[in-house]
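Colleague: Please read through the structure below; I'll follow up with questions.
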Amino acid sequence: MMKEHIIIGFISRLLIPFIQLYALYVIAHGDLGPGGGFQGGVIFAASIVLYAIVFGMDEGRKRFSQKLSDILSPIGVFIYGGIGLLCILAGGAYLQYGKLPLGSLKLASHLGIYGIEIGVGITVAAVMMTIFFETARRKND
Amino acid sequence: MIELIIGKYNFWIYITLMMIGFYAMIVKGNLIKKIVGMNIFQTAVILFYISMGKVKDGTAPIIWEKAVVYDNPIPHVLMLTAIVVSVGTTAVALALVTRIYKEYGTMEEDAILDIERRQAEELRKKGSE
Amino acid sequence: MDIAAHFPVLVIVIPLITALIIPLAGRINRSYAWYIALAVTFLCFLMSASLLNTVINTGRISYRLGGWEPPWGIEYVIDYLNGFVLVVVSFIAFIITIYSKKSAEQEIENSRIHIFYSIYVLFFTGLMGVTITGDIFNIYVFIEIMSLASYALIAVGKKRNALVASYNYLILGTIAATFILLGIGYLYMITGSLNIGDLRERLPQLYHSKVVLTAFALFTVGLSLKLALFPLHAWLPNAYSHAPSVVSALMAATATKVGAYAMLRIMFTVFKVEFDIQVVPVTKILLVLACIAIIAGSVLAIAQTNMKRMLAYSSVGQIGYIVLGAMLVNQTAMTGSILHILNHALMKGALFLVVGCVIYKTGIEDISGLKGMGKKMPYSMAAFTIAGLSMIGTPLTVGFVSKWYLAIGALKADMWYIIPVILLSSLLTAVYFWRIIEMIYFYKGSDKEAYNDAPAGMLMPTLILAGLCVFFGIAAFIPVSIAKKAAEMLLGGI
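Residue numbers (numbering that gives the first Met the number 0), protein chains in the order written: chain A, 0 to 140; chain B, 0 to 128; chain C, 0 to 493.
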């Protein structure tokens, strides 16, 4: 029993950082290739689910507690709402990136969408984690 | 007639998938099978939208120097949202089924209705004593 | 910088962000959750009232998200119908939030109160979103937000019947929403646009095509399930009777009304009135179904002994009134239908809140538990009597006003046989309400009849809603003027 866990444990410990890096890549390249906030967030969550499956639920819970996911989920929504409200304060409609004082129209649009994707990615990763840990809990509540 | 069947084979496939999912959602008694049917149904609708957006000789809607004509990107964008909705609905459904299993100990619809009926009868008998 | 110009989007963004602040604040102190929810609903009510005011003064408001021009961008459009439904929904949600503090404490475990309020505010976001948007795919997204939040709200209480009821509602609701999604896909396939105003321009030359017919059929079936039109109402009695009292009141007063609004929007703004009468005689089909709903709802309500179940079947009947008024396709009947959106929200809201008070004090949901309550809980029972009389359609109450408009509209459309249906259902409503009123005032209760009414936090909202039933029945010109203009705009001058 221990033997197969050794191989799986070793390989996952090697791969999980690369999966997380790939997730960040997918988030960042949402407007130039397939990807975006939601997809990157799910891939990030998948890496933590892999960790929890291979090394045990308690280990996974230690790394990613309920408190962390409670704090991370709103942060993404704040980034999303905050960028929109910033655009309102800068004089345009909601989410009108062109009005942000960041240089040319193209740069402002690009950075605006980038910020929103990061926000969405953070929230999606936190929510997917919560769903997995809550659904897979063994103890009766 | 042949044109109708062979020319539009993609729509036939997606309608078949949709009906399989729909049948599973309604007829099957196990709660998890209903969720599986729901997923098949929603995935078939998503594929239907994407196939509707295909332009003849078009490449994927990502900027590429050698491309002449692109596919319509709007169905892709709409379906990103629809996939997220589908994931959310599946998550809520699975959470409900987990709690139903903890309360009733079974996942078959007939068994759950049976338990409820027996409980209602007991309450009525106790109330009329 | 004029903040009032941004109200259309703030009405959605503020509840959305707040819905995720509440679990965070709830970790610090559980009772903060209620205060935040109250503040948010009040703020949105003020913003909706201001939007309706702007519409009355200056006409239609159009807000472009991201500065993109329609039809490439998402547009939020507010006109008379929109503004009216927005104000009604946000007001009812605010009143029920005041009520919910004591009631939710009893029916939901304390460890879950902050999650309950978070989903509550998310449900509120969905309601606001369906009403305010002018883009047809956005309607689908917000309908799904509203539905997912409602599945969770029904199941969050302590009862275990609620879980199966919520699951049932989930399966049926997802079928309906996926049909709506398919309908949107067909419309996009043939016109290439997703904006409601743009679709209105492009569809008339395509009315003969099968794609448009399929889209319309899918929309009708999907939306009929969301608003619980007979025979697609099967999820409603179970969902309303097993949910916590606050949730039943909120959903009965708002969710079906917003579904009715979506149906009016799609049938009369996206597809013009000529489509509904000439191309497909859908008005006649839905007219028959609405009449059956009115009668069947009242008959089935008489047979119930559980209070919430009786009110749920009664809701099925009242929704029949709204659809009846819309399907008669003249201005008076449409005015009655839009008015009934406000009136039914007030009446049903008050009735469900009274039932919640009774459950809070005694824990009994059965009608027999109301014996002699007239002495024990006089104020709650007074509110129940006023709302009950209003449902029957007594003059000087709101119920009479909408039934009057519906009857006149039926006469104008040369369908005098609708009037016996309305009278018959009023009679049946009188049967099941009089049964309860008799039990309240004319029977002796089991305990000694000391005064033991519900706490003030729960009584105030109930009395406010019951009082408004009478107020808008006497001063009916206030909502009628708005509803008349909305009906005129929907029907385009018929």
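Glycine included, C-beta positions come from ideal geometry on N, C-alpha and C.
Closer than 8 Å by C-beta to B/Ile111: which residues in its own chain qualify, once you throw out the five before and the five after it? Chain order, please.
Modeller: Same-chain partners within the cutoff: Ile99, Tyr103, Thr105.
Colleague: Is any heavy atom of the ligand ZN found at a distance shorter than 7 Å from the C-beta of C/Leu310?
Modeller: Here there are no bound small molecules, and the ligand ZN is not part of this structure.
Colleague: Under 8 Å between beta-carbons, which chain A residues line up against B/Thr97? List them in chain order, please.
Modeller: Residues of chain A passing the Cβ test: Thr134.
Colleague: Using a 10 Å radius around the Cβ and a threshold of 16 neighbouring Cβ atoms, would you call C/Trp33 buried or exposed?
Modeller: Buried.
Colleague: Unbroken alpha helix (DSSP H) runs of length 4 or more, entirely within the region 120-164 of chain C: which are they?
Modeller: Taking only runs of at least 4 residues, the alpha helix (DSSP H) segments lying wholly in the region 120-164 of chain C are 135-154.
Colleague: Determine whether the beta carbon atoms of C/Cys268 and C/Arg201 lie at a separation below 8 Å.
Modeller: The displayed chain sequence assigns Thr, not Cys, to residue 268 of chain C. For C/Thr268 and C/Arg201, no; Cβs fall outside 8 Å.
Colleague: Does C/Ser110 come out as helix, strand or coil in the three-state DSSP assignment?
Modeller: Reduced to three states, the DSSP call for C/Ser110 is helix.
Colleague: Less than 8 Å separating the beta-carbons of C/Ala233 and C/Ser314?
Modeller: Result no, Cβ atoms of C/Ala233 and C/Ser314 do not sit closer than 8 Å.
Colleague: At what residues does the beta strand (DSSP E) containing C/Tyr62 begin and finish?
Modeller: Segment 60-63, the beta strand (DSSP E) holding C/Tyr62.
Colleague: If contact means a Cβ-Cβ distance below 7 Å, which residues of the region 4-19 of chain B contact chain C?
Modeller: Flagged: no residues at all.
Colleague: Could you spell out where the alpha helix (DSSP H) holding C/Glu68 opens and where it closes?
Modeller: Unbroken run through C/Glu68: none, as it is neither H nor E.
Colleague: For C/Glu143 and chain B, any beta-carbon pair shorter than 8 Å?
Modeller: It does: the Cβ of C/Glu143 has a partner Cβ on chain B nearer than 8 Å.
Colleague: With C/Val397 as the anchor, note down where its beta strand (DSSP E) starts and where it stops.
Modeller: Counting along the chain, C/Val397 falls outside any beta strand (DSSP E), though it belongs to the alpha helix (DSSP H) covering 397-411.
Colleague: Roughly how far, in whole angstroms, is the beta-carbon of C/Ala227 from the beta-carbon of C/Leu235, given that I think they are within contact range, below 8 Å?
Modeller: C/Ala227 to C/Leu235, Cβ: 5 Å. Contact.
Colleague: Strictly below 8 Å CB to CB, what residues from chain A border C/Ile20?
Modeller: The answer, in chain order, is Pro73.
Colleague: When you check each C-beta in the region 178-199 of chain C against every C-beta of chain B, which residues fall closer than 7 Å?
Modeller: Result list: Leu180, Leu181, Gly184, Met188.
Colleague: Is there a Cβ from chain C that is less than 8 Å from the Cβ of B/Glu102?
Modeller: True, the Cβ-Cβ gap to chain C drops below 8 Å.
Colleague: Give the DSSP bridge partners of C/Asp365, in chain order.
Modeller: In DSSP, C/Asp365 forms a bridge with C/Asn305.
Colleague: Comparing C-alpha positions only, which one of C/Asp365, C/Gly172, C/Ile95 sits nearest to C/Leu310?
Modeller: C/Leu310 has its Cα closest to that of C/Asp365, out of C/Asp365, C/Gly172, C/Ile95.
Colleague: If you draw a straight line from the C-alpha of B/Gly20 to the C-alpha of C/Met372, how long is it?
Modeller: Rounded to whole angstroms, B/Gly20 to C/Met372 spans 51 Å at the Cα level.
Colleague: Assign C/Tyr442 to one of three DSSP states: helix, strand, or coil.
Modeller: Here C/Tyr442 sits in coil by DSSP.
Colleague: Is there at least one Cβ from chain B nearer than 8 Å to A/Leu31's Cβ?
Modeller: Answer yes: the Cβ-Cβ gap between A/Leu31 and chain B drops below 8 Å somewhere.
Colleague: In the DSSP assignment, what are the bridge partners of C/Asn342?
Modeller: None; C/Asn342 has no bridge partner.
Colleague: Apply the 10 Å Cβ neighbour rule to B/Ser127 and answer buried if 16 or more other Cβ atoms are within range, or exposed otherwise.
Modeller: By the neighbour-count rule (16 or more Cβ atoms within 10 Å), B/Ser127 is not buried but exposed.
Colleague: Classify C/Gly258: buried if its beta carbon has 16 or more other beta carbons within 10 angstroms, exposed otherwise.
Modeller: Its Cβ being crowded by 16 or more others within 10 Å, C/Gly258 is buried.
Colleague: Look at the alpha carbon of B/Ile4 and the alpha carbon of C/Val278, and state the distance between them as a whole number of angstroms.
Modeller: Cα to Cα, B/Ile4 sits roughly 28 Å from C/Val278.
Colleague: Which stretch, first to last residue, makes up the alpha helix (DSSP H) that contains B/Glu102?
Modeller: Its alpha helix (DSSP H) spans residues 72-103.
Colleague: Rounded to a whole number of angstroms, what is the C-alpha to C-alpha distance between C/Lys158 and C/Val354?
Modeller: Those two C-alpha atoms are separated by around 17 Å.
Colleague: Measuring CB to CB, does B/Val96 end up less than 8 Å from B/Ile25?
Modeller: For B/Val96 and B/Ile25, no; Cβs fall outside 8 Å.
Colleague: Could you tell me how far apart the beta carbons of B/Tyr45 and B/Met17 are, in whole angstroms, since I believe they sit closer than 8 Å?
Modeller: What sits at residue 45 of chain B in the sequence shown is Ile, not Tyr. That belief does not hold up - the Cβ atoms of B/Ile45 and B/Met17 are roughly 11 Å apart, past 8 Å.
Colleague: Run through DSSP, which three-state label would C/Phe451 get?
Modeller: Here residue 451 of chain C is Asn; the residue named in the question, Phe, does not match the sequence. It is coil, neither helix nor strand.
Colleague: Report all residues from its chain with a CB closer than 7 Å to the CB of C/Phe215; omit the five preceding and five following residues, and keep chain order.
Modeller: Correct list, in chain order: Phe270, Val279.
Colleague: Would you give the residue range spanned by the alpha helix (DSSP H) that C/Ile481 belongs to?
Modeller: It spans 476-490 - the alpha helix (DSSP H) in which C/Ile481 sits, taken as one unbroken run.
Colleague: To the nearest angstrom, how far is the alpha carbon of A/Gly35 from that of A/Ala45?
Modeller: Going by the C-alpha atoms only, they are around 16 Å apart.
Colleague: If you count every other CB in all the chains shown that lies within 10 Å of the CB of B/Asp109, and 16 or more means buried, which is it?
Modeller: Flag for B/Asp109 reads exposed.
Colleague: Taking Cβ positions, are C/Cys43 and C/Met145 nearer each other than 8 Å?
Modeller: No. Outside cutoff.
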